[in-house]
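Written below as structure tokens is the structure these notes are about.
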Amino acid sequence: MVVIDFFQSFDSPGIYFLMRFASLFGDKGFYVIIFPLSYWFFNRVNTISFTVLICISIFINLGLKEFFHQERPLDVALIDAEGYSFPSGHAQMTVVIWGFLIYKIRKYFGYGILTIIIIGISRLYLGVHWPLDVVGGWIIGGLLLAGFFPLENWLIKKINFVKLSIFLPLLFTLTVLISIFSNVEYGGIVMGTLFGLVSGGVIAERLDFPTQRLVPLDYIISIIVGCIGIYLLYLLVKPIAYIGEGSLFMALTIICLWISLGGPFLTQKIKLVMRI
Numbered sequence: 141m142v143v144i145d146f147f148q149s150f151d152s153p154g155i156y157f158l159m160r161f162a163s164l165f166g167d168k169g170f171y172v173i174i175f176p177l178s179y180w181f182f183n184r185v186n187t188i189s190f191t192v193l194i195c196i197s198i199f200i201n202l203g204l205k206e207f208f209h210q211e212r213p214l215d216v217a218l219i220d221a222e223g224y225s226f227p228s229g230h231a232q233m234t235v236v237i238w239g240f241l242i243y244k245i246r247k248y249f250g251y252g253i254l255t256i257i258i259i260g261i262s263r264l265y266l267g268v269h270w271p272l273d274v275v276g277g278w279i280i281g282g283l284l285l286a287g288f289f290p291l292e293n294w295l296i297k298k299i300n301f302v303k304l305s306i307f308l309p310l311l312f313t314l315t316v317l318i319s320i321f322s323n324v325e326y327g328g329i330v331m332g333t334l335f336g337l338v339s340g341g342v343i344a345e346r347l348d349f350p351t352q353r354l355v356p357l358d359y360i361i362s363i364i365v366g367c368i369g370i371y372l373l374y375l376l377v378k379p380i381a382y383i384g385e386g387s388l389f390m391a392l393t394i395i396c397l398w399i400s401l402g403g404p405f406l407t408q409k410i411k412l413v414m415r416i
């Protein structure tokens, strides 16, 4: 409690706002934003690789939380937080995300390290993690990066050359089995996201759907079409989404296929009609 008390001793409205804002970058809503934008506007092969890394990291984090069953600090939390404490998902995912971005763009190292530290401190200040949770999250995130990068070139080659008639059934079978039999809470969400985004992204890459936008209207069309589709599909799958891990898997697969394939396809058709 000493470390948590130390950071909370600096409490003020401004500090609280800063720490709460920093913590948002690891909340669920962050991924709702980052995945669509990545698939609509950035290099698709890198985004597919990014998706695999993110989903593996989230799944491992959820599994470790279930394994260790570490309760969160009592009577010091400034916000509500679900689930167990160790390892910190925010700390782990911040290392994974910023580590991947720094590795790819080869700059912003200092900014990335600062962000990692601030988000870790925010979880202590908000009283939802022990110091070991944050440090453990950083270490696990670093180990995941160290293990992933040597395999990334192999993954990219498979994306470009694997037969879809083999790849898609294998990926579907693997993700379904993991979501149903892993006993990891919300495993269906993670595996459905992985299958939907990766399978749709690979198909879109084979069909050569563009992700680089040339004029501002391209961005506007992509965002409007994509967001409307996500909202309508969410309304469609919401009634059946929480029946079990299998239904969560199917719900996320449908939404993520739209993000990675359906949205880009419809956007491309609209642009052809408008001759943009």
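In the working numbering, each number is its position in the sequence shown, counted from 1, plus 140. C-beta atoms are modelled at their ideal positions from N, C-alpha and C, and glycine is treated no differently.
Pick helix, strand or coil for residue i, following the three-state DSSP scheme.
i	result
residue 141	coil
residue 187	helix
residue 432	No statement about residue 432 is possible, as the shown extent of the chain runs from 141 to 416 and does not include it.
residue 163	helix
residue 385	helix
residue 323	coil
residue 172	helix
residue 147	helix
residue 182	coil
residue 330	helix
residue 302	coil
When you compare each of the options to residue i by their alpha carbons, which one comes out closest?
i	options	result
residue 207	360, 340, 233 and 323	323
residue 380	394, 305 and 217	394
residue 190	386, 337, 153 and 408	337
residue 146	228, 270 and 229	270
residue 297	314, 282 and 345	345
residue 334	182, 400 and 409	400
residue 432	227, 284 and 167	Look at the range of the chain in this structure, 141 to 416, and you will see that residue 432 is not part of it.
residue 176	404, 241 and 342	404
residue 272	142, 180, 183 and 375	142
residue 184	242, 223, 343 and 209	343
residue 282	253, 362 and 224	253
residue 407	170, 373, 368 and 192	368
residue 375	173, 362, 391 and 291	391
residue 371	398, 348, 358 and 244	398
residue 358	181, 396 and 204	181
residue 366	339, 396 and 144	396
residue 410	378, 362, 284 and 377	362
residue 310	205, 339, 218 and 286	339
residue 373	402, 360, 347 and 351	402
residue 286	205, 154, 240 and 204	240
Please report the distance separating the alpha-carbon of residue i from that of residue j.
i	j	result
residue 389	residue 149	43 angstroms
residue 301	residue 187	17 angstroms
residue 326	residue 385	7 angstroms
residue 216	residue 267	5 angstroms
residue 317	residue 248	39 angstroms
residue 341	residue 212	37 angstroms
residue 200	residue 250	27 angstroms
residue 315	residue 356	37 angstroms
residue 236	residue 261	17 angstroms
residue 156	residue 164	12 angstroms
residue 320	residue 383	12 angstroms
residue 289	residue 238	13 angstroms
residue 295	residue 313	18 angstroms
residue 445	residue 307	No answer is possible for residue 445: the residues shown for the chain start at 141 and end at 416.
residue 222	residue 195	19 angstroms
residue 179	residue 171	12 angstroms
residue 202	residue 227	9 angstroms
residue 198	residue 330	7 angstroms
residue 169	residue 242	22 angstroms
residue 387	residue 151	43 angstroms
residue 349	residue 214	50 angstroms
residue 244	residue 256	17 angstroms
residue 303	residue 332	21 angstroms
residue 210	residue 224	6 angstroms
residue 193	residue 291	11 angstroms
residue 364	residue 144	43 angstroms
Return yes when at least one heavy atom of the ligand NAP lies under 8 angstroms from the C-beta of residue i, else no.
i	result
residue 190	What this structure holds is no ligand at all, so the ligand NAP is not there to describe.
Decide yes or no for the touch test of the segment 217 to 231 against the segment 275 to 282: beta carbon pairs closer than 8 angstroms, at least 3 of them. In the pairwise beta carbon analysis, the segment 217 to 231 is classified as touching the segment 275 to 282: at least three pairs are separated by under 8 angstroms.
Go through the segment 338 to 383 residue by residue and report every complete run of the alpha helix (DSSP H) that reaches 4 residues or more, in order. 356 to 377
At 3 residues or longer, what runs of the beta strand (DSSP E) sit wholly inside the segment 206 to 288? none
How do the segment 256 to 266 and the segment 157 to 171 stand: do at least 3 beta-carbon pairs fall below 8 angstroms, yes or no? At 8 angstroms Cβ cutoff, the stretches touch.
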